[in-house]
Structure formats: C-alpha cells, structure tokens
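Notes follow the structure.
Residue numbers (the numbering used here), protein chains in the order written: chain A, 144 to 379; chain B, 96 to 458.
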C-alpha cells in the first residue's frame, strides 16, 4: 500500500488555479522527485500536502486515511514533515532551540534528547553551532537546520521544498548526499526541485509538473533519458 | 533576567531595598514620589503584558491600553455607586462587589476582549495588524466616552468616581495604618500591594517565556508558516497571546481603578498605548528585565522633567520660558531617536538580541 496517495488534487491559490487535478503517490521508503519550472505549482502542492493550503477538489490519502480535513498542526503528529521553501528557520532562536521546535508535537522528553544527539551526529556542523542564532548561519547551514528540525518530528514522510535554492554548488552536493543518506534509512521523501538533474539522480521516481498539471512521470532513469525532460530542464 | 542564577543574597538585598523604598522616597523626595512609584508599577505590569503580545508572539498591538480600560471600568462599575444612576430602582446604592472578587473576573473579561481583538486579526501581521489594533483601542475609548446615553452606563467623559478603595483582609488601603508601631500612609500600602502584584506578573512572565508555549510564540514570531509546519496550532496560540497580554492589562487596570478611586476615558487615549509600547521597545523587547527598566524610566521621566525643568529655568533665566509639558514630548522624542541610533536592541537587550548584534560586528 502506498504511504501517500493523491487523486485529482486541485488547489486555488491567490485567485489562480495553481494545481489542476494532479495524481501522485509515494510508496514507503521511496524517494520521489517533483520537478518543473518556476510557477508550475510544485510549492503549492507541497503546502497543500502539509495542510498549509486547502484543496478545492480531490483526495489526499495518507496511510490509508483521508487527510483532507486534518489541520496542518495535526499532520505533523501523523508523521508528515515539511522543510519549507526558503528554509524558514527561526532566525532569532538558537540552533538547538530550532531543533527542539521540530519536536514540538512530541512529548517523549528522553527520546527527544537522544534524537537531538542523532541530529548532531548527522550534521556535525550544527553540533559546533548549537548555541548560535540560526539567523547568523550560512545558507547551507540553515538548510541543515531546517532539515534536522523536520527530522526531529520523526516523520514517515519528509517533504523538501527546493533544498538547493541559493546554495553554493559544493553545499548542494552535501545537502543531496544527506538526502540520500536519510532515504537509505527507509524514510519516504518527496523532493521538490528546480534542479532537475540533481533531483532525478537522487530519486527513485519522478514527476514533471507544468502549469499545474503533471505532464510526465516514471522512473528517474527514464525521465533523465527522455527527450522532453532533456530539452526542457537539462538544457540539451 | 534570571533571578535563579544570581546569588540568593542579591535577591534578598533587592527585596529589602524595595521594601524600604517608600520610606526612603518619602523622606528624601516627598510623598508625591511614592505615588509616582505606585503608578510606575502599574505601567510595569502593562509593559510586561504587552511584551507577551509584541515581544514574544511578535504581534504589534497599538491599542493595548484598551485592556487596561476594560479592567478599570470593570471595577469602576461593580465597586461604586455609579450604576444607581442607570438602574435607580434596581440598584439604589450601586454595586459594591469586593475587589478580590472583581479582580479575577475583570482579568477574564479583559482576556475575553483580547480574544475578541485577536479572532478577526488572525491573518494580519505587521502594519495591518497595527492599524486594526489601533482602531480597536480607540473604539473602546469612544464607547466609554459615549455610553452615557440613552442609558448612563459609563457616565461618559465625566468618568466614574467614588470607587471603593481596595481592602486587604478588611483593612482599607485608603486610610493610614499602623503596623508594629510604624505608620503606613495609604500610598505606602498601595505600594506594597502593587509590588506584590508586579512580582507575581514578573514570575508568570518568566515561566511563560521558558515554557513550551513561550517557545511556540517565539516560533510564530520568527516564521508563522514554519511554525505551523512544526505542529504548532498557530491560531490558538496567537489567541492565547492576546488573551494573556490582555489579562495582565486588565489586572493592572483594576488595581488602577481601586487606587485612583476615579476613572475616565481620557486615561485610556492612544498616547498611553504608545507609551506602553515605547516602554517595551526602549527597554529591550522580549527581555523581562529590559521591559521593567523601560517601564521605570518612562514612568519617571515625565515626573523628573516636571519637577526639574521649571526650577532649572528659574535658576538660569529667572523665569519659565518653556512649559515642561511641551518640553517633555520633545525630550521624549529625542531620547527615542537616540535610542534607535545607538542602542537599537534596547537599553537592556535580551540575551539573544545582544548576541545577534555581537555576531554582526564580528563578521
């Protein structure tokens, strides 16, 4: 059974019909990429899955149950975590406080402390800077904070919105290596990216979104090799 | 300010100093200054309440004085002969509920008004929220000003007088008392009462700041979308911030009405809201010690000017050239501009803000 099953999802956002009846699914442990150009509706889709926007039509099934009427703050407890576009770190809180906010929906204090140490092991840079204000970190480090913070909720489905945005090439490589590591642990990941090649290289499967609709989907290798993707997104 | 991390002896010394303060002030400066100190504590309570809304949750509120007004009128109506005017046959002598019954009720009513303001403004931030809250503060004041007809509920601009004094264990605080042979005038008694309330408000503020709720408020302040993606119910927590802040304001207002014995709408004008906001900003937004410092300074500054400017001019020029009232606003504005230029994080910034500025300089 799929962890996430989206059927005919429609979203209106800011007076625009931003998502026009898309279907997608994610199996447990899968890393799925959602690629497409600016304004294609990728972020809107992700925000709707996180509950920050409300669909005007269609169904979202998570773990066999409908998510349509579940408020955003309850979806976190169900295991859905979002790393928002532009990272959204809490600038005037320390790195450690940011990570603790990620565990807001949990109340197993002891486990939270262990998870915190695990995050520092996964991102040693953050361990060095745990008492520093998140707003004073570099873009790449902030992306690490945002990812670690999302992981602190112990998600089953991690959704990443443009993790490579505005980062130096070397940092992008690092972030993607970490995404692969997290996927290797068996977590389901939905990755939204403009950097189509990087995303498809990391993912098992991919969807291509264009002006609110999914135009192509398939295994990453196929998509990378397809003329349409090569032409539109890989600049060949 | 972390009281716990400081040595106990310092805390004891501070407590003794505060307990002696009314006597020292009375002896050195006169009784009028004890009264000013009483008012300063009402302002500190207001500033700490507003700090929850603005400093922690990041919701700019320009109408905060409305909650002070709600608290004050709650006690003015239920602790004075006034309602006899509106309902002569039903309440021939007005309503005289005990202060200690009205206080929690007034806090709840003020909290309710906080939710009333919060609910329609949940989607607003920054400038837009400021405009709506400013309007709300004015609406409350104008209501109080005009609710004397057709039914005289608030007595309009004349205000409500003859409010019952606050009683502690059957002892009226409006009359001098003698305890262990020490004469305690009324202003001293109110000083100790307000000191106790201020300490309580500080204690609650500190606990809130360190709590899960406090951290959630700060997360909302920093990034609301990310906060709700963390599983924070942003709607309820914003309403809670408005309600908690309003309750502090309501408590302060109730104390004000009992202390003053008289309330009128002119005490609750926009400039008062701005004054309280200035205390929060000047002292150091989000830092309890800073907010207290801001409250003390801004409550005392006008009085110092009032008592200092005229004698100074007399000494220099032999006559009063500038009226202290007009000079007050000038100096006040100048002080605020100087603050923003030289200490943008406030006089006593929070640990976090200070570090933020340090890092800026280091890079």
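No residue lacks a Cβ here, since even glycine has one placed at the ideal position from N, Cα and C.
Start-to-end residues for the beta strand (DSSP E) that takes in residue 357 of chain A: 356-362
Span of the alpha helix (DSSP H), counted from its first residue to its last, around residue 144 of chain B: 126-145
Within-8 Å CB hit, residue 231 of chain A to chain B: yes
Whole-angstrom C-beta distance between residue 218 of chain A and residue 193 of chain A, which should lie under 8 Å: 6 Å
Residue environment, residue 302 of chain B, which counts as buried when at least 16 other CB atoms sit within 10 Å: exposed
Short Cβ contact (8 Å threshold) for residue 461 of chain B with residue 316 of chain B: Nothing can be reported for residue 461 of chain B: it is not among the residues displayed for chain B, which extend from 96 to 458.
Residues bridged to residue 267 of chain B (per DSSP): B/262
Beta-carbon gap between residue 301 of chain A and residue 286 of chain A smaller than 8 Å: no
Residue(s) in a DSSP beta bridge with residue 155 of chain A: A/160
Touch test, the region 178-192 of chain A against the region 324-338 of chain A, Cβ-Cβ under 8 Å, three pairs minimum: yes
Cutoff 8 Å: residue 434 of chain B Cβ touching any chain A Cβ: no
Burial state of residue 194 of chain B (16 or more Cβ within 10 Å): buried
Neighbourhood of residue 358 of chain B by C-beta distance below 6 Å, restricted to the same chain and skipping five residues each side: 167, 171, 254, 255 and 352
Which residues DSSP lists as bridging residue 272 of chain B, in chain order: B/279
Any chain B beta carbon closer than 8 Å to residue 216 of chain A: yes
Integer-rounded CB distance, given that residue 422 of chain B should sit under 8 Å from residue 131 of chain B: The Cβ separation is near 18 Å, so there is no contact.
Residue 336 of chain A - containing alpha helix (DSSP H), residue span: Per DSSP, residue 336 of chain A belongs to no alpha helix (DSSP H); it is in the beta strand (DSSP E), 331-336.
Partners in chain A for residue 326 of chain B, counting only beta-carbon separations shorter than 7 Å: 216, 219, 220, 247, 248 and 296
Spatial neighbours of residue 456 of chain B in its chain, beta-carbon cut-off 8 Å, leaving aside the 5 residues before and after: The predicted model places residue 456 of chain B with a pLDDT of 43, which falls under 50 and marks its position as unreliable; any figure quoted below should be read in that light. Closer than 8 Å at the Cβ level, and outside the excluded window around residue 456 of chain B, lies no residue.
Cβ-based neighbour list, residue 367 of chain A, same chain, cut-off 6 Å, excluding 5 preceding and 5 following: 343
Nonlocal neighbours in the same chain, by C-beta distance under 7 Å from residue 148 of chain A, ignoring five residues either side: 168 and 204
C-beta neighbour in chain A for residue 313 of chain B, strict 8 Å: yes
Beta strand (DSSP E) segment containing residue 204 of chain A, residue limits: 200-205
Residues of its chain near residue 415 of chain B, where Cβ-Cβ distance is below 7 Å and the 5 sequence neighbours each way are ignored: 405, 408 and 409
Contact list for residue 300 of chain B against chain A, beta-carbon separation under 9 Å: Under the 9 Å cutoff, chain A gives no residues; its nearest Cβ is about 18 Å from residue 300 of chain B.
Within chain B, the residues that residue 291 of chain A reaches when beta carbons sit closer than 7 Å: Under the 7 Å cutoff, chain B gives no residues; its nearest Cβ is about 12 Å from residue 291 of chain A.
Assigned exposure category for residue 114 of chain B - 16 Cβ within 10 Å defines buried: exposed
Residue 97 of chain B classed as buried or exposed, judged by whether at least 16 other C-beta atoms fall within 10 angstroms: Reliability of the predicted coordinates at residue 97 of chain B is poor, the pLDDT of 46 falling under 50, and no value is obtained from them.
Simplified DSSP state of residue 237 of chain A, which is helix, strand or coil: strand
DSSP-derived helix/strand/coil call for residue 414 of chain B: coil
Near-chain B residues of the region 182-198 of chain A - C-beta to any C-beta below 9 Å: 190, 193, 194 and 195
Which of helix, strand or coil DSSP assigns to residue 209 of chain A: strand
Beta-carbon proximity of residue 145 of chain B to residue 441 of chain B, cut-off 8 Å: no
CB contact check: residue 225 of chain A to chain B, cutoff 8 Å: yes
Span separating the alpha-carbon of residue 364 of chain A from that of residue 346 of chain A: 9 Å
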